[in-house]
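The listed protein sequences derive, respectively, from chains W and X. Using the UniProt record's numbering, read the first sequence as starting at 1 and increasing by one per residue. Using the UniProt record's numbering, read the second sequence as starting at 1 and increasing by one per residue. We put the CB at the ideal spot given by N, CA and C, even for glycine. Please read all numbers here as calculations on a predicted model, not as lab measurements.
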Amino acid sequence: MVETVSYRPFAKALPPGRARALPWATVIAGSMVTAVPVVASLPLLPPFGLLMLLTWRLLARFALRPWAAAPLGLVDDLVSGQPLGSAMLLWSACFLVIDLIEQRLVFRDFWQDWLIAAGALAFCLVVGRLIAVPIGAHVDWAILAQVGISILLFPTSARLVAWIDRKRGTPA
Amino acid sequence: MAPARDRRTGFSRRRQYGAFLGYVLMVAGTLVGAVLLVVSTFDPPLFAAMRMAAASITAPVSSVLDAGVRGVASVPEAIGTWFRVHGENAELRAQLKRQQALLTRARIIAYDNWRLRGLLQLRDRGAEPVVTARLVSSTASSGRRFAILNAGRFQGVLPGMPVIGPTGIVGRVLETGPIAARVLLVTDPESLIPVRRTRDGLPAIAAGRGDGSVDIRSVNATNVRFAIGDMFVTSGTGGLYPPGVPVARVSANGIESATAIPFAAPDSLDFALVEKPFMPVPARPPAAATARP
Chain W
1 MVETVSYRPF AKALPPGRAR ALPWATVIAG SMVTAVPVVA SLPLLPPFGL LMLLTWRLLA
61 RFALRPWAAA PLGLVDDLVS GQPLGSAMLL WSACFLVIDL IEQRLVFRDF WQDWLIAAGA
121 LAFCLVVGRL IAVPIGAHVD WAILAQVGIS ILLFPTSARL VAWIDRKRGT PA
Chain X
1 MAPARDRRTG FSRRRQYGAF LGYVLMVAGT LVGAVLLVVS TFDPPLFAAM RMAAASITAP
61 VSSVLDAGVR GVASVPEAIG TWFRVHGENA ELRAQLKRQQ ALLTRARIIA YDNWRLRGLL
121 QLRDRGAEPV VTARLVSSTA SSGRRFAILN AGRFQGVLPG MPVIGPTGIV GRVLETGPIA
181 ARVLLVTDPE SLIPVRRTRD GLPAIAAGRG DGSVDIRSVN ATNVRFAIGD MFVTSGTGGL
241 YPPGVPVARV SANGIESATA IPFAAPDSLD FALVEKPFMP VPARPPAAAT ARP
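If you want it as structure tokens, here you go:
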């Protein structure tokens, strides 16, 4: 029998501990995508960790604690090749700015979420480039392409996060 | 989407303090990140141990994935070579016949070379390979060009060792962990390699551009012209890389500086050879006698 009803309010949710850990695990898994066996010559791989973090923050704001950006950024710094502390700083700054936006823009729809995520992704990637790579390096077009790819991936990651969020239920 | 406000914490002191502490920790995390960033900017190798511990976890995963991808990719290749084998055989026989004379001449030259070097009392430093390993992953989302090698201190890999592929130089080891090492690729924006032109020995520097190519810059001569096809090999200056390893071929004409494509494409490497530094850093001279009248 094929399951057609996706809304099942009385289904058993995950135990609270695991439901809390799941968003963290998905963000760390996103950071670990750099372990794919490819030796790239251009920085075109989107920052999946940041993408997951922003999606969780915008779609399910209580899934991650307000301070979660810093430790998750530290994990990303360990595997991303950026100088240690850059993702910690930039991801926390994104959380702060999203909090400020949320105070003013209380009723958001998906397009506004996408716009906020696009701004945050562009900010993190461009500032990350300025921090890590000397000004004279020829990576600017690649970084712009990376920003574009990351922004276009936001709807996909939103679907993924919404699916995980529905499966994990509401943590008590 | 309806607003979700967690500021309305009710009368529970515990919730109020909890929410407040969350924001304090968020700002504190930002500040700690800024401090770590400044520290790691001024002293990049400081956090190498943490990074390489993480790499030692991801490198085995990457190795397994890499082996899987290679296994799958080898299937169409095997089928293709099966059909091409007869044509290739005839081609290779003809080539062997053509090159027989060349081989004889090369043997004579090699013998002469060995004899004359013996007369000159020159001592050749042979390459001392440390380990053969694979580049299994890279920092594909960052502007820096690092690759992870699936061999580390347990296999004898130490920072500063050159990494050489079958077609040319790949880079050098920057940080090592127990079973993984981080390699600074030739194309990294902060990589500099002393090179010389094969044609006339003109000294130059190969500086990475960050986009998969390198810049060849002339060192001390002015008004130097680089032409398409000029080939550069390591010069051995600085003592890190052994001399004579191919580095890059110029792809656009230029004066004083030209773009070049490295010979070794790190993604298509079967194996990378880690060697000992060509000239190890000399030991410190013994301290002068401290006893003074």
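Residue j and residue i - do their beta-carbons sit closer together than 8 angstroms?
i, j, result
"phenylalanine 263 of chain X", "glycine 177 of chain X", "no"
"methionine 161 of chain X", "valine 136 of chain X", "no"
"glycine 171 of chain X", "valine 163 of chain X", "yes"
"leucine 174 of chain X", "proline 189 of chain X", "no"
"alanine 55 of chain X", "isoleucine 148 of chain X", "yes"
"cysteine 94 of chain W", "alanine 60 of chain W", "no"
"glycine 208 of chain X", "serine 191 of chain X", "yes"
"leucine 89 of chain W", "threonine 30 of chain X", "yes"
"alanine 40 of chain W", "valine 61 of chain X", "no"
"serine 251 of chain X", "isoleucine 261 of chain X", "yes"
"alanine 117 of chain W", "leucine 42 of chain W", "no"
"alanine 227 of chain X", "asparagine 253 of chain X", "yes"
"arginine 129 of chain W", "isoleucine 149 of chain W", "no"
"glycine 169 of chain W", "leucine 14 of chain W", "yes"
"tyrosine 17 of chain X", "proline 66 of chain W", "no"
"asparagine 150 of chain X", "alanine 78 of chain X", "no"
Going by alpha carbons, who is nearest to residue i out of the options?
i, options, result
"aspartate 99 of chain W", "W:Ala69, W:Leu78 and W:Pro83", "W:Ala69"
"asparagine 63 of chain X", "X:Leu240, X:Ala180, X:Phe226 and X:Thr237", "The residue asked about is misnamed: residue 63 of chain X is serine in this sequence, not asparagine. Selected option, being the one with the closest Cα: X:Ala180."
"alanine 140 of chain X", "W:Pro47, W:Asp113 and W:Arg104", "W:Pro47"
"valine 127 of chain W", "W:Pro37, W:Arg20, W:Leu53 and W:Val147", "W:Val147"
"isoleucine 28 of chain W", "W:Leu44, W:Lys12, W:Ser80 and W:Ala11", "W:Ser80"
"phenylalanine 231 of chain X", "X:Asp200, X:Leu273 and X:Val224", "It should be pointed out that residue 231 of chain X corresponds to methionine in this sequence rather than to phenylalanine. Checking every option, the nearest Cα to that of methionine 231 of chain X belongs to X:Asp200."
"valine 186 of chain X", "X:Ala110, X:Thr234 and X:Ala106", "X:Thr234"
"leucine 37 of chain X", "W:Ala25, W:Ile131, W:Arg108 and W:Leu96", "W:Ile131"
"alanine 53 of chain X", "X:Gly87, X:Arg182, X:Val32 and X:Ser12", "X:Arg182"
"valine 157 of chain X", "X:Val72, X:Ala28, X:Glu275 and X:Arg13", "X:Glu275"
"alanine 48 of chain X", "W:Leu105, W:Gly17 and W:Leu78", "W:Leu78"
Leaving out five residues on either side along the sequence, give the residues of the same chain with a beta carbon under 6 angstroms from the beta carbon of residue i.
i, result
"leucine 64 of chain W", "Pro23 and Trp56"
"aspartate 66 of chain X", "Val136"
"tryptophan 114 of chain W", "Phe154"
"proline 293 of chain X", "Bear in mind that the predicted position of proline 293 of chain X carries a pLDDT of just 47, short of 50, making it too unreliable to give a figure here."
"methionine 1 of chain W", "Bear in mind that a pLDDT of 47 at methionine 1 of chain W, under 50, signals an unreliable position, so the number given afterwards is only what the model happens to contain. Same-chain partners within the cutoff: there are none."
"glycine 30 of chain W", "Phe48, Gly49 and Met52"
"leucine 273 of chain X", "Pro129, Thr132 and Ile164"
Between which residues of its own chain and residue i is the CB-CB distance below 7 angstroms, once the five residues before and five after are set aside?
i, result
"valine 133 of chain W", "Val139"
"alanine 291 of chain X", "Only weak support exists for where alanine 291 of chain X lies, its pLDDT of 48 falling under 50; the value from the coordinates is given anyway. Correct list: empty, nothing qualifies."
"glycine 10 of chain X", "none"
"glycine 118 of chain X", "none"
"isoleucine 151 of chain W", "Ala118 and Leu121"
So, at 8 angstroms on beta carbons, what are the nonlocal neighbours of residue i in its own chain, with the 5 sequence-adjacent residues on each side left out?
i, result
"tryptophan 91 of chain W", "Leu50, Leu53, Ala69, Ala70, Leu72, Gly73, Asp76 and Cys124"
"arginine 249 of chain X", "Gly229, Asp230, Met231, Phe232, Ala260, Ile261 and Phe263"
"leucine 44 of chain W", "Ala142, Ala145, Gln146 and Ile149"
"leucine 46 of chain X", "Val39 and Ser40"
"leucine 202 of chain X", "Arg196, Ser218, Ala221 and Val224"
"phenylalanine 154 of chain X", "Pro178 and Ile179"
So residue i packs on residue j, CB below 8 angstroms; how close in whole Å?
i, j, result
"serine 138 of chain X", "valine 38 of chain W", "7 angstroms"
"leucine 96 of chain W", "methionine 26 of chain X", "7 angstroms"
"phenylalanine 271 of chain X", "arginine 134 of chain X", "6 angstroms"
Discussion item. Using a Cβ distance threshold of 8 angstroms, determine whether the region 217–229 of chain X contacts the region 250–259 of chain X, with at least three qualifying pairs required.
Written reply: Contact holds: three or more Cβ-Cβ distances are below 8 angstroms.
Discussion item. Does the region 138–151 of chain X come into contact with the region 239–246 of chain X, if we say contact requires no fewer than three beta-carbon pairs (one atom in each stretch) closer than 8 angstroms?
Written reply: With the cut-off at 8 angstroms, the region 138–151 of chain X and the region 239–246 of chain X do not touch.
Worksheet item: Are the region 81–90 of chain W and the region 36–50 of chain X in contact at 8 angstroms, needing three or more beta carbon pairs?
Response: Counting Cβ pairs under 8 angstroms, three or more are found: they touch.
Discussion item. Check whether the region 223–243 of chain X and the region 149–164 of chain W touch, using three or more Cβ-Cβ pairs below 8 angstroms as the test.
Written reply: Cβ pair count under 8 angstroms is below three, so no.
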